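Following: one structure in structure tokens, then a few remarks.
In structure tokens form, the structure reads like this:
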């Protein structure tokens, strides 16, 4: 895996990021891979870019985007004013899955959280992604919490 | 429950918020209720206040703080650029537990998320808080995700 570049996403990366979201058994149902890009994705990118506590990562290899994730740095009062790093939207290009790239991306994300002074890294994973739990546990994550979601688009 | 005021916390509310964190079977182990307040709490309050995507709520009744929670509004690319509302640090004064105040606070939080354009509200709850799961399910939350945590203070 020589030649992997970890960097902040630019607007030019957005099509590649959306393509990875679409190419996922959960994402396929709720994303829009059409061109030109749905304006909602562009607005979301701009909101992330404008927020200094958000970092949208892309991993580039030989000019191709092969992975992406979003880091959010969240201040809080609890645990002596502890900052949390939160990971969302971990996606890896289908052709690159199973080769250790996810591990490198998570190692990178955890290091960023440490550098920002976070004492906890958290994420929520869909319980239907069975292999994913073992992956995160291998990195030291504990499934100590229930991840609860309330869909506001229903009713 | 006439006379409940839902408002953004000020620095003057911070001692009352910390007291609620300390007065909790999990919080007791990891918070500091001493006076003057640990400077880490004050720094965290200032970080929250400086971030337009954070809202630290207090509920006041007859001049007394009886509840608190933190809302985070998080932009994201997935699900057509969906914004998430995230709830952390829900705390209710011991003497006021079991009387429906938590329900009113969550209703308030969910309404704020709708007003901000969020399509999902999410939170993670410690699996050891058994009654809490039923409470959130009664509000419509689904325990569809594993809430994973990595403690960076160990090793």
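Residue numbers (my numbering), protein chains in the order written: chain A, 1 to 155; chain B, 1 to 155. Glycine included, C-beta positions come from ideal geometry on N, C-alpha and C. In this text, all values refer to a predicted model and were calculated from it rather than measured experimentally.
Beyond the five residues adjoining it in sequence on each side, residue 19 of chain B comes within less than 8 angstroms, by CB distance, of 33 in the same chain, given in chain order.
When C-alpha distances from residue 135 of chain B are compared across B:121, B:102, B:112 and B:147, the shortest belongs to B:102. Remark: C-beta atoms of residue 58 of chain B and residue 111 of chain B do not approach each other more closely than 9 angstroms.
Counting only the Cα atoms, residue 39 of chain A lies some 30 angstroms from residue 84 of chain A. The shortest CA-to-CA distance from residue 3 of chain B to any of B:114, B:63 and B:128 is the one to B:63. Counting only runs of at least 4 residues, the segment 94-125 of chain B fully encloses the following alpha helix (DSSP H) elements, listed from N- to C-terminal order: 101-115.
Nearest Cα to residue 36 of chain A within the set A:124, A:14 and A:53: A:14. Secondary structure note for residue 138 of chain A: its alpha helix (DSSP H) is the uninterrupted segment 130-138.
Assigned with DSSP and collapsed to three states, residue 40 of chain A falls in helix. Residue 42 of chain B sits close to residue 81 of chain A, with the two beta carbons spaced by under 9 angstroms.
Going by DSSP, residue 81 of chain A is part of the alpha helix (DSSP H) stretching over 78-81.
DSSP places residue 19 of chain B inside the alpha helix (DSSP H), whose first and last residues are 14-22. Interface criterion not met: the Cβ of residue 59 of chain A is under 9 angstroms from no Cβ in chain B.
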